[in-house]
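Below is one structure, written out as structure tokens; comments come after it.
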Amino acid sequence: MTANTAKKPASLSLLQDQRIDSAAERNGAWIALGPDFGDIEVKVRGLTSDYEDEVQRRVRKEGGRRPDQMAGEKRQRIVRETFAEQCFLDVRNLVHHDGEKQGQPVTADEFRALILNPDYRKVYYATLAAATEVGETWKEQADATAGNSPSASGTISGGHTSNI
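Per UniProt numbering, the sequence shown starts with residue 1, numbered consecutively.
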């Protein structure tokens, strides 16, 4: 850069677009799980410091004198349980596909059991990824509410449901 060429300062609007909705992180928001999961949405809280503090508290409690030497499988179980208890709140657009409950909505407790089941780790990872999005789509959602753009949260139109 030469002495005659000065960079233009960034606009404050650049920083405003980086704003996080802290209330949504604490209270939860509905987020679509993504294209691999059809229309399924989960209501999750963000990964707040309270969540991280609880993970650390449980690791220290179960790890005894050397929590830093805890087996990875045990630590992963603690992280998954804490997430299921503190961050996951509800599920919608998901129904049972067979048996006595065919056509009935899957409950939050039933979905939580899937999150905790290592055989359904893709469900856990998708729900965890949704939690990282909470609070970050505030501008797009505000624009959608005002009629300026489609919702970034993947809001479902047409009432489609996925089967479990």
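Yeah, the Cβ is synthetic: ideal placement off N, Cα and C, and Gly gets one too.
For residue 7, the three-state secondary structure derived from DSSP is coil. Within the region 38-107, the beta strand (DSSP E) runs of at least 3 residues that lie entirely inside it are, in chain order, 41-44, 88-92. Taking residue 104 as the centre and dropping the five residues before and after it, the same chain places the C-beta of 95, 96 closer than 8 Å to its C-beta, in chain order.
Within the same chain, Cβ atoms closer than 7 Å to the Cβ of residue 87 are found at 44, 45, 47, 51, 131, the five residues on either side in sequence being excluded.
Close CB contacts of residue 24 within its chain, under the 6 Å cut and outside five residues either way in sequence, are with 134, 135 (chain order). With the rule of 3 Cβ pairs closer than 8 Å, the region 111-120 counts as touching the region 69-86. Residue 31 carries a strand assignment under DSSP once its states are collapsed to helix, strand and coil. If you compare the alpha carbons of 99, 54, 101 with that of residue 78, the shortest gap goes to 54. Here DSSP, grouped into helix, strand and coil, assigns residue 21 to coil. Separation of the CB atoms of residue 106 and residue 123 is rounded to 11 Å, and the pair is thereby denied contact status at 8 Å.
The continuous alpha helix (DSSP H) containing residue 123 extends over residues 121-133. In the three-state reduction of the DSSP assignment, residue 136 falls in the coil class, being assigned neither a helical nor a strand state.
Of the residues assessed, residue 112 falls on the buried side of the cut-off, its CB having 16 or more other CB atoms within 10 angstroms.
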